[in-house]
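Heads up: the sequence shown begins at -5 in my numbering, then just goes up one per residue. All residues carry an ideal CB built from backbone N, CA and C; glycine is no exception. A short worksheet on the structure shown next.
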Amino acid sequence: MKKWLLTNRLLFFWLLTLCSQGSLLLYSNLGFSQGSIEDGRIKATVCIACHGIDGNSINPEWPSLAGQHAQYIQKQLQSFQNGQRENILMNPFVMPLTAQDIQDLASYFSSLSSIQRGADPNLVELGQKIYRGGIMEKNVPACIACHGPSGKGNPFALYPIVKGQHSTYTINTLNAYALGSRSSDSNEVMRSIANSLTQEEMEAVASYIQGLK
């Protein structure tokens, strides 16, 4: 038991170091600036078809953006522009955006309120175990190290709010990291974690995250 606790603590501090050092470096290079919420509302007209009129998407394949950290939204839009992320639907809309557009859109979506969703009761036990304790035998650290106990992330370290996110989108994201088709994570943290998870484990932790409040 003592050995397990020591190993888990070491994993926690290892991941915490990566979360802070690598992502704070990204944050310092991002040049985050607060945009205009009102201008962002006007510019978001084209976004609502997928992400919802209130930033809460109806289709679980597409992420809800309501309440997300503005810094994180900016980073993702910039990642689409510079080729770190690719999506056949997103790219045509993102490429023409100016730096001001990105700031305004990020500030607008961040100002919206996210809705609460539930978790599959059959998956809560396993999902909670992974989210809060990791998987020691696979060297998978707890998700709370970066995303926090309630899934609120860290805006300054550019780690997103995950609470209430569609489980389908989270599963797709984890699979993308595992396959390497998404590689915008700092220090390959998410790619390493996703590669260690089975599909069942992904589904469980994604469902648990969806139910976080």
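Would you please state the rounded distance, in angstroms, between the beta carbons of A60 and S107? I believe it to be under 8 Å. Going by Cβ atoms, the distance from A60 to S107 rounds to 6 Å, so yes, they are a contact pair.
Could you check what DSSP says for V134 in three-state terms: helix, strand or coil? Strand.
Straight-line gap, A38 to L206 (C-alpha atoms, nearest Å): When rounded, the distance between both Cα atoms is 27 Å.
If you reduce the DSSP assignment to three classes, tell me which class I47 lands in. Looking at I47 - three-state DSSP - the assignment turns out to be coil, as it is neither helix nor strand.
How is I129 classed by DSSP in three states: helix, strand or coil? Under the three-state reduction of DSSP, I129 is assigned to strand.
Is P154 buried or exposed, if buried means 16 or more other CB atoms sit within 10 Å of its CB? Sixteen is the threshold: when 16 or more other Cβ atoms of the shown chains lie within 10 Å of the Cβ of P154, as they do, the residue is buried.
Just mark L112 as buried or exposed, buried being the case when its beta carbon has 16 or more other beta carbons within 10 Å. The amino acid occupying residue 112 in the given sequence is Gly; Leu does not appear at that position. With a threshold of 16 other beta carbon atoms within 10 Å, G112 falls short and is exposed.
Roughly how many whole angstroms lie between the Cα atoms of N210 and D33? Since the first residue shown for the chain is -5 and the last is 207, residue 210 is missing from the structure and cannot be characterised.
Going by the beta-carbon positions, is the gap between S144 and G29 smaller than 8 Å? With respect to the 8 Å criterion, S144 and G29 are not classified as neighbours on the basis of their beta carbons.
Short check: CB of M89 to CB of Q75, under 8 Å? Yes, they are a contact pair.
Pick from E55, C44, A43, G46 that is closest to A200, judged by C-alpha positions: For A200, the nearest C-alpha among the options comes from E55.
Three-way DSSP call (helix, strand, coil) for N148 in this model: Residue state, collapsed to three classes: strand.
Using 8 Å as the threshold, is the C-beta distance between A136 and G128 below it? Note that the C-beta distance between A136 and G128 is below 8 Å.
Quickly, what does DSSP pair Y153 with across the bridge? List them, please. Under the DSSP definition of a beta bridge, Y153 partners with N148.
Which term fits S22, buried or exposed, when burial requires 16 or more other beta carbons within 10 angstroms of its beta carbon? In this predicted model, S22 has a pLDDT of only 47, less than 50, meaning its place in the structure is not dependable enough to derive any value.
Figure out for me which residue from A172, N148, I138, S178 has the closest Cα to the Cα of A188. Cα-wise, what sits closest to A188 is A172.
Own chain residues within Cβ distance below 7 Å of Q110, not counting five before or after: Spatial neighbours of Q110 in its own chain (CB-CB distance under 7 Å, excluding positions within 5 residues in sequence) are listed in chain order as G158, K207.
For the ligand MG, any of its heavy atoms closer than 7 Å to the Cβ of R35? No copy of the ligand MG occurs in the structure displayed, which carries no ligand at all.
When the distance is taken between beta carbons, is A43 closer than 8 Å to G121? Not a contact, by the Cβ cut-off of 8 Å.
For S161, which of Q72, N148, Q94, V118 has the nearest alpha-carbon? The closest CA to that of S161, considering only Q72, N148, Q94, V118, is found on V118.
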